[in-house]
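*Asks:* So the protein sequences, as listed, match chains V and S. Count the first sequence with the working numbering and you get residues 204 to 712, in order. Count the second sequence with the working numbering and you get residues 204 to 712, in order. We treat Cβ as the ideally placed atom computed from N, Cα and C, and that holds for glycine. Everything numeric in this text was worked out from a predicted model, so none of it was measured.
Protein chains: 2
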Amino acid sequence: MQTSTATTASIMAFQALVNEIHDIQGTQALLGWDLETYMPEKGGAFRAKQMATLAKISHNLMTSPEMEDHLRHLRQPGVLEKLDTMSQALVREVGRVFDKSKKTPIELLQEMVETTTEAHKIWVEARSNKNFKQFEPVLRKIISLNQRMAEAQGYEESPYDALLDEYEPGLTVKQLDPVFAKLKADIVPLLQAIQQSGHTPETGFINEGFFPVEKQLQFSQMVLREMGFDFEAGRLDLAPHPFSSGSSTMDVRLTTRVDERDVFSALSSSMHEGGHGMYEQGVNPALNRTPLAEGTSLGIHESQSRLWENQVGRSRAFWSHYLPKLQATFPELGSVSLEKFYSGINRVRPSFIRVESDEVTYNLHIMVRYEIEKALIEGTMKVNEVPEAWAAKMQDYLGITPAHDAEGALQDIHWSHGSFGYFPTYTLGNLYSAQFFHTAKQQNPALESQISQGNLLALKTWLNQEIHAVGKMESAATIVQRVTGEPLNASYFVDYLWQKYGEIFNIQR
Amino acid sequence: MQTSTATTASIMAFQALVNEIHDIQGTQALLGWDLETYMPEKGGAFRAKQMATLAKISHNLMTSPEMEDHLRHLRQPGVLEKLDTMSQALVREVGRVFDKSKKTPIELLQEMVETTTEAHKIWVEARSNKNFKQFEPVLRKIISLNQRMAEAQGYEESPYDALLDEYEPGLTVKQLDPVFAKLKADIVPLLQAIQQSGHTPETGFINEGFFPVEKQLQFSQMVLREMGFDFEAGRLDLAPHPFSSGSSTMDVRLTTRVDERDVFSALSSSMHEGGHGMYEQGVNPALNRTPLAEGTSLGIHESQSRLWENQVGRSRAFWSHYLPKLQATFPELGSVSLEKFYSGINRVRPSFIRVESDEVTYNLHIMVRYEIEKALIEGTMKVNEVPEAWAAKMQDYLGITPAHDAEGALQDIHWSHGSFGYFPTYTLGNLYSAQFFHTAKQQNPALESQISQGNLLALKTWLNQEIHAVGKMESAATIVQRVTGEPLNASYFVDYLWQKYGEIFNIQR
Chain V
204 MQTSTATTAS IMAFQALVNE IHDIQGTQAL LGWDLETYMP EKGGAFRAKQ MATLAKISHN
264 LMTSPEMEDH LRHLRQPGVL EKLDTMSQAL VREVGRVFDK SKKTPIELLQ EMVETTTEAH
324 KIWVEARSNK NFKQFEPVLR KIISLNQRMA EAQGYEESPY DALLDEYEPG LTVKQLDPVF
384 AKLKADIVPL LQAIQQSGHT PETGFINEGF FPVEKQLQFS QMVLREMGFD FEAGRLDLAP
444 HPFSSGSSTM DVRLTTRVDE RDVFSALSSS MHEGGHGMYE QGVNPALNRT PLAEGTSLGI
504 HESQSRLWEN QVGRSRAFWS HYLPKLQATF PELGSVSLEK FYSGINRVRP SFIRVESDEV
564 TYNLHIMVRY EIEKALIEGT MKVNEVPEAW AAKMQDYLGI TPAHDAEGAL QDIHWSHGSF
624 GYFPTYTLGN LYSAQFFHTA KQQNPALESQ ISQGNLLALK TWLNQEIHAV GKMESAATIV
684 QRVTGEPLNA SYFVDYLWQK YGEIFNIQR
Chain S
204 MQTSTATTAS IMAFQALVNE IHDIQGTQAL LGWDLETYMP EKGGAFRAKQ MATLAKISHN
264 LMTSPEMEDH LRHLRQPGVL EKLDTMSQAL VREVGRVFDK SKKTPIELLQ EMVETTTEAH
324 KIWVEARSNK NFKQFEPVLR KIISLNQRMA EAQGYEESPY DALLDEYEPG LTVKQLDPVF
384 AKLKADIVPL LQAIQQSGHT PETGFINEGF FPVEKQLQFS QMVLREMGFD FEAGRLDLAP
444 HPFSSGSSTM DVRLTTRVDE RDVFSALSSS MHEGGHGMYE QGVNPALNRT PLAEGTSLGI
504 HESQSRLWEN QVGRSRAFWS HYLPKLQATF PELGSVSLEK FYSGINRVRP SFIRVESDEV
564 TYNLHIMVRY EIEKALIEGT MKVNEVPEAW AAKMQDYLGI TPAHDAEGAL QDIHWSHGSF
624 GYFPTYTLGN LYSAQFFHTA KQQNPALESQ ISQGNLLALK TWLNQEIHAV GKMESAATIV
684 QRVTGEPLNA SYFVDYLWQK YGEIFNIQR
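1) For residue 659(S) versus residue 431(S), is the C-beta spacing smaller than 8 Å?
2) Quick test of your reading: residue 521(V) and residue 576(V), contact by CB under 8 Å. State the CB separation rounded to the nearest angstrom.
3) For residue 307(S) and residue 258(S), which I take to be in contact (beta-carbon distance under 8 Å), what is that distance rounded to the nearest angstrom?
4) By the 10 Å Cβ neighbour count, where 16 or more other Cβ atoms means buried, how is residue 519(S) classified, buried or exposed?
5) For residue 389(S), name the three-state secondary structure that DSSP assigns.
6) Within a Cβ cutoff of 7 Å, which residues of the same chain sit near residue 204(S), ignoring the five residues on either side of it in sequence?
7) Using a Cβ-Cβ distance under 8 Å, would residue 233(V) count as near chain S?
8) Which same chain residues end up closer than 7 Å to residue 346(V) when comparing Cβ atoms and leaving out the 5 residues on each side of it in sequence?
9) Comparing the C-beta of residue 243(S) with each C-beta of chain V, is any distance below 8 Å?
10) Below 9 Å between beta carbons is the criterion; list the residues of the region 237-262 of chain S that meet it against any residue of chain V, in chain order.
11) Under a CB-based cut-off of 8 Å, is residue 437(S) close to chain V?
12) I'd like to confirm the pairing. Which residues does DSSP put opposite residue 498(S) in its beta bridges?
13) Residue 449(S) lies in the beta strand (DSSP E); which residues open and close that run?
14) So what's residue 456(S) in DSSP terms, helix, strand or just coil?
15) Say whether chain V places a C-beta atom closer than 8 Å to the C-beta of residue 315(S).
16) Does the region 661-676 of chain S come close enough to the region 497-517 of chain S to have 3 or more Cβ pairs within less than 8 Å?
17) Can you give the Cα-Cα distance for residue 600(S) and residue 394(S), rounded to whole angstroms?
18) Counting contacts by CB-CB distance shorter than 8 Å, is residue 229(S) in contact with chain V?
19) Are there 16 or more other CB atoms within 10 angstroms of the CB of residue 219(V), so buried, or fewer, so exposed?
20) Taking any Cβ of chain S, which residues in the region 486-518 of chain V have a Cβ under 7 Å from it, in chain order?
21) Run down chain V in chain order and give the residues with a C-beta less than 7 Å from the C-beta of residue 451(S).
22) Grab the span of the beta strand (DSSP E) containing residue 464(S) for me, first residue to last.
23) Can a CB atom of chain S be found closer than 8 Å to the CB of residue 434(V)?
24) Which word fits residue 362(S), buried or exposed, when buried means at least 16 other C-beta atoms lie within 10 angstroms of its C-beta?
25) Going by C-alpha distance, which of 590(S), 710(S), 650(S) and 677(S) is nearest residue 336(S)?
26) Label residue 453(S) either buried or exposed according to how many other C-beta atoms from any shown protein chain fall within 10 Å of its C-beta, with 16 as the threshold for buried.
27) Secondary structure at residue 561(V), three-state DSSP: helix, strand or coil?
28) Quickly, what does DSSP pair residue 367(S) with across the bridge? List them, please.
29) Using a Cβ cut-off of 9 Å, which residues of the region 418-434 of chain V contact any Cβ in chain S, in chain order?
30) Does the separation of the CB atoms of residue 486(S) and residue 674(S) fall below 8 Å?
31) Could you confirm whether any beta carbon from chain V is found closer than 8 Å to the beta carbon of residue 204(S)?
32) Quick one: is residue 691(V) near chain S, going by C-beta distance under 8 Å?
33) I'd like to know if the region 629-639 of chain S and the region 679-696 of chain S are in contact, where contact means that at least 3 CB-CB pairs between them fall below 8 Å.
34) When you compare only the Cα positions, how much space is there between residue 493(V) and residue 289(V)?
35) Assess, as a yes-or-no matter, whether the region 698-708 of chain V is touched by the region 397-406 of chain V under the definition of 3 or more beta carbon pairs within less than 8 Å.
36) Whole alpha helix (DSSP H) runs in the region 206-270 of chain S with 4 or more residues, listed along the chain?
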């Protein structure tokens with residue numbers, strides 16, 4: 204099969220246009236990174252203008268008549284299938300984003316930007332006043348805008364599906380509902396059993412000391428290096444909220460936050476961000492300057508961060524090697540035993556704040572949000588009912604009731620940003636991570652013993668080959684099926700929790 | 204006078220377009236700053252792509268049909284003069300850049316980019332081999348491209364004028380020739396008198412110690428803060444080559460380089476860059492997001508850096524306050540006297556390398572380059588004659604002959620970048636700085652005594668008001684005339700040198 208001259212010209216021009224858009228988006232990533240790391244205090248106002256201008260330019264290029272012409276030509280039957288595999292994937296992915304952009308009325312986008320800019324300020328204020336009522340009117344507007352967005356995009360069953368698709372292409376309520384039902388059925392009893400076990404691991408040696416910033420950063424860098432994060436193609440810096448941000452496989456920036464009283468939290472967040480970063484560094488370099496060089500979905504991205512943060516970074520195997528190193532770096536930690544340390548970092552306790560929660564309770568926090576979001580978007584819950592619903596669900600799943608809205612429905616930034624449908628990807632990440640790690644151990648029975656010897660590169664290489672290299676050439680579902688031999692299966696995560704915490708808390712399923 | 208509705212619409216759309224272009228250029232500045240400071244090693248290739256894409260987008264917007272339409276409308280007699288002063292200045296400045304861009308064939312620009320990308324590598328290689336012959340062919344091409352550029356832009360007398368105009372709008376050979384003639388006539392005898400004075404200040408205590416990076420950076424930051432550099436609207440970081448870079452009055456980045464053996468060089472370069480940075484911070488904030496928020500010319504920009512670096516930073520008054528602080532910070536400096544320190548930092552010695560030269564010899568280095576550049580562009584010197592001409596002029600003005608090309612014609616990066624006409628702006632900066640500082644002292648006779656008490660803000664405020672605030676609303680010539688009451692006059696600089704160095708070396712004019 205040969206492509207015609209017109210097709211050759213079109214695919215080349217299309218790729219050049221895609222490259223330019225990606226260059227702009229990489230630049231936007233740098234503007235965002237700098238904003239959170241090194242930008243002087245007063246730089247915010249003009250930074251916002253720069254970011255808005257670049258967003259407009261990349262949107263205009265994405266929806267330009269040139270783009271439309273190329274896609275119309277390249278997506279024709281008889282043309283598409285003659286392209287090489289990478290070009291086909293690129294046409295498919297860019298076409299998907301193009302279609303979504305075209306379906307979104309520009310006025311709706313602008314209204315969303317204006318509303319959420321305002322909403323963010325109101326949310327900060329309301330949270331500081333612990334008063335959900337203050338946030339209600341603007342949240343009502345954000346929900347209505349999201350509903351209009353869902354209508355504009357279209358959906359088969361629930362309008363919430365159209366929002367999920369933004370973060371996890373193809374994901375639906377129909378798929379998610381049984382997953383959360385299983386988590387609820389299996390995790391709520393686990394949590395109750397843990398609470399009834401009478402065992403409360405000590406944690407004071409972890410988070411009541413003094414561990415200087417510089418030494419913590421150096422330790423995190425050492426671990427990241429041994430995980431295989433390439434510091435010639437990336438960095439680790441301090442930022443108020445940890446994140447990772449990449450513009451190519453050659454430039455990936457991680458950030459972390461250091462609490463000098465706590466020897467574990469910065470390392471843990473560094474390993475989390477390192478998992479994201481190694482995904483971005485591990486994509487086939489030939490995909491650079493295209494959206495195919497990004498992670499395939501937020502859920503798969505989160506699986507990489509969770510895998511390093513929890514499956515590895517909260518494992519006995521990992522700490523059997525790294526605890527002596529941590530003790531050598533921080534003599535204040537003293538001669539705490541591996542078992543004591545391992546129990547301490549795996550303490551389980553129902554708490555109000557999602558980002559401070561543990562592996563067992565984390566997904567229950569997500570379930571609270573998922574159920575409320577879905578009901579709000581589907582119109583079966585009113586905004587003023589949220590605090591009560593929140594309290595009831597927290598009591599139901601976690602056995603605790605928030606004293607005020609700041610430790611309830613006002614704790615997360617997502618809604619003020621206009622993001623509905625984002626939260627479930629956190630849980631997907633947890634589930635995928637367990638499923639991937641299970642497969643990795645099956646394929647390489649020596650994996651845990653390698654980790655316990657400080658050899659982290661075997662795992663990294665496996666992740667590179669199996670998950671990272673394809674970038675966005677494959678969908679999340681395809682990757683999970685190819686790598687693990689089956690679709691998403693929450694059992695691996697549930698089994699992992701019961702096995703690990705059963706042992707720590709001496710309980711039976 | 205009232206502006207018409209069409210004009211109001213046009214000026215608003217024009218300003219919005221100018222704002223966008225400036226946002227992109229501010230982003231380009233950040234990409235460049237990051238490249239030199241925090242970018243991971245392997246990030247270079249894709250950074251180059253990002254920079255090229257943004258350059259293309261801003262060029263396209265600058266030369267767009269919309270821009271052309273606005274300028275055609277707004278520059279009409281009967282329209283222009285009805286605009287407010289700022290809008291008039293904006294139309295004038297953007298129109299000037301538009302006209303230049305329109306006159307430059309895009310193929311010529313592209314050929315220049317391609318040639319200089321290659322030339323830079325060849326120059327690095329040739330310099331390391333100390334072999335000008337290797338650089339000759341590509342330099343010949345660069346000169347020919349510059350000649351074509353000059354023809355495209357047009358000029359009245361010398362093609363070199365068209366190149367000067369790029370860096371110092373309006374500057375001509377006719378103006379520069381007598382300036383350099385005066386410098387030659389007055390400085391060469393000064394240098395000879397200094398050499399014959401028999402006095403050679405000691406410098407070992409300055410540059411043969413050990414002064415740790417962190418303490419040097421802190422000292423530089425302290426001095427910059429006392430100069431009035433606003434660290435809430437700027438930063439100081441390390442970079443291989445010191446530079447300053449701003450995207451608004453609210454975000455100005457300085458860099459410096461620290462030599463741990465030398466207690467003076469990093470501070471001196473920080474004060475230099477601080478002068479540039481305070482110019483950018485000091486512009487009327489209403490001019491932000493437009494080219495009017497930039498320095499009016501490279502010469503005036505350099506006057507601000509030179510003023511702080513030399514007129515202040517190499518003065519007895521400044522060090523009478525700061526030497527005790529320097530000694531407290533670096534006990535290794537010992538109890539060196541003010542006079543000994545002052546003489547040490549003002550040592551004069553003919554040397555081969557421009558960037559290492561002193562206040563007396565610096566402009567002689569520039570003169571060598573000016574005369575050779577002009578002859579090359581005017582076609583009266585051939586490329587292969589450069590090394591010989593260089594040696595002869597160095598002998599003539601400085602009394603020394605380079606042993607090889609790396610300490611001769613290959614030392615500067617400028618030609619490999621394609622820049623001809625840039626060097627003279629360094630000398631203009633020196634001349635303007637002396638003329639401005641003379642005026643400042645005349646208007647405020649207490650200035651030197653304020654400086655000797657560590658009060659640097661009086662000078663900073665004067666510079667803000669007299670020079671910085673107008674940004675690019677006034678030309679270099681207008682600013683000099685308004686501030687000093689006369690046009691550029693090299694006598695102030697020559698008198699400054701003779702007075703200062705006459706005293707240090709005990710010689711008469």
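*Replies:* Put simply:
1) Your numbering for residue 659(S) matches position 456 in the second sequence. Your numbering for residue 431(S) matches position 228 in the second sequence. Yes, the Cβ-Cβ distance between residue 659(S) and residue 431(S) is below 8 Å.
2) The sequence position of residue 521(V) within the first sequence is 318, counting from 1. The sequence position of residue 576(V) within the first sequence is 373, counting from 1. Rounded, the Cβ-Cβ distance is 34 Å, inconsistent with contact.
3) Position 104 of the second sequence, counting from 1, holds the residue named residue 307(S). Position 55 of the second sequence, counting from 1, holds the residue named residue 258(S). That belief does not hold up - the Cβ atoms of residue 307(S) and residue 258(S) are roughly 13 Å apart, past 8 Å.
4) Position 316 of the second sequence, counting from 1, holds the residue named residue 519(S). Answer is buried; the Cβ neighbour count reaches 16.
5) Sequence index remark: in the second sequence, residue 389(S) carries index 186 (1-based). In the structure shown, residue 389(S) adopts helical secondary structure according to DSSP, grouped into three states.
6) Residue 204(S) sits at position 1 when you count from the first residue of the second sequence. Because the pLDDT at residue 204(S) is just 49, under 50, the model does not fix this residue reliably, and the value given afterwards should be weighed accordingly. Take residue 204(S), set aside five residues on each side of it, and the residues of its chain with a beta-carbon closer than 7 Å to its own are 285, in chain order.
7) Working through the first sequence from its first residue, we reach residue 233(V) at position 30. True, the Cβ-Cβ gap to chain S drops below 8 Å.
8) Residue mapping note: residue 346(V) aligns to position 143 of the first sequence, counting from 1. Around residue 346(V): 579, 580 and 586.
9) Sequence index remark: in the second sequence, residue 243(S) carries index 40 (1-based). Yes, contact with chain V.
10) Contacts with chain V (Cβ-Cβ distance below 9 Å) from the region 237-262 of chain S involve 237, 240, 241, 242, 243, 244, 245, 246, 247, 248, 249, 250, 252, 253, 254, 255, 256, 257, 259 and 260, listed in chain order.
11) By 1-based counting over the second sequence, the position of residue 437(S) is 234. For residue 437(S), the closest Cβ of chain V is nearer than 8 Å.
12) Taking the second sequence and counting its residues from 1, one reaches residue 498(S) at position 295. Beta-bridge annotation (DSSP): residue 498(S) is not paired with any residue.
13) For this step, residue 449(S) is matched to residue 246 along the second sequence. Element bounds for residue 449(S): 447-451.
14) On the second sequence, position 253 is the one that residue 456(S) refers to. When secondary structure is reduced to three states using DSSP, residue 456(S) falls in the strand class.
15) To locate residue 315(S), count along the second sequence from 1; it is residue 112. By this cut-off, residue 315(S) is not an interface position.
16) Yes: the two stretches touch, three or more of their Cβ pairs being nearer than 8 Å.
17) Along the second sequence, one-based indexing puts residue 600(S) at 397. Along the second sequence, one-based indexing puts residue 394(S) at 191. Straight-line measurement puts the Cα of residue 394(S) at about 9 Å from the Cα of residue 600(S).
18) Translated into positions along the second sequence, residue 229(S) becomes position 26. Closer than 8 Å: yes.
19) Here residue 219(V) refers to the residue found at position 16 of the first sequence. Label assigned to residue 219(V): exposed.
20) Contact annotation: in the region 486-518 of chain V, residues whose CB is within less than 7 Å of a CB in chain S are 491 and 492.
21) As a position in the second sequence, residue 451(S) is number 248, starting the count at 1. Those are 249, listed as they occur along chain V.
22) What you label residue 464(S) is simply residue 261 of the second sequence in a count that begins at 1. Taken as a continuous stretch (DSSP letters only), residue 464(S) belongs to no beta strand (DSSP E), as it is neither H nor E.
23) Taking the first residue of the first sequence as 1, we reach residue 434(V) at position 231. Any Cβ of chain S closer than 8 Å to the Cβ of residue 434(V) would place that residue at the interface, and such an atom is present.
24) Locating residue 362(S) in the second sequence gives position 159, where the first residue counts as 1. Buried, since its Cβ has 16 or more Cβ neighbours within 10 Å.
25) Indexing the second sequence from 1 puts residue 336(S) at position 133. When the alpha-carbon of residue 336(S) is set against those of 590(S), 710(S), 650(S) and 677(S), the nearest one is in 590(S).
26) On the second sequence, position 250 is the one that residue 453(S) refers to. The residue in question, residue 453(S), is buried, as its Cβ has 16 or more Cβ neighbours within 10 Å.
27) In the first sequence, residue 561(V) corresponds to position 358, counting from 1. Look at residue 561(V) here: in three-state DSSP terms it is coil, with no helix or strand label.
28) Within the second sequence, numbered from 1, the residue matching residue 367(S) stands at position 164. Looking at the DSSP assignment, residue 367(S) forms no beta bridge with any residue, so it has no partner.
29) Cβ proximity to chain S below 9 Å picks out 433 and 434 from the region 418-434 of chain V.
30) Translated into positions along the second sequence, residue 486(S) becomes position 283. Translated into positions along the second sequence, residue 674(S) becomes position 471. Taking 8 Å as the cut-off, the Cβ atoms of residue 486(S) and residue 674(S) count as close.
31) Translated into positions along the second sequence, residue 204(S) becomes position 1. Residue confidence is low: residue 204(S) scores 49 on pLDDT, short of 50, so the model does not pin down where it sits. Its coordinate-derived value is still stated next. Chain V, which has no Cβ nearer than 8 Å to the Cβ of residue 204(S), makes this no.
32) As a first step, residue 691(V) must be located in the first sequence, where it is residue number 488. The beta-carbon of residue 691(V) is placed no less than 8 Å from the nearest beta-carbon of chain S.
33) Taking 8 Å as the limit for Cβ pairs, the verdict is that the region 679-696 of chain S does touch the region 629-639 of chain S.
34) Taking the first sequence and counting its residues from 1, the one referred to as residue 493(V) is at position 290. Taking the first sequence and counting its residues from 1, the one referred to as residue 289(V) is at position 86. Spanning the two alpha carbons is a distance of roughly 10 Å.
35) With contact defined as three or more Cβ pairs closer than 8 Å, the region 397-406 of chain V and the region 698-708 of chain V are in contact.
36) 208-240 and 247-265, all fully within the region 206-270 of chain S.
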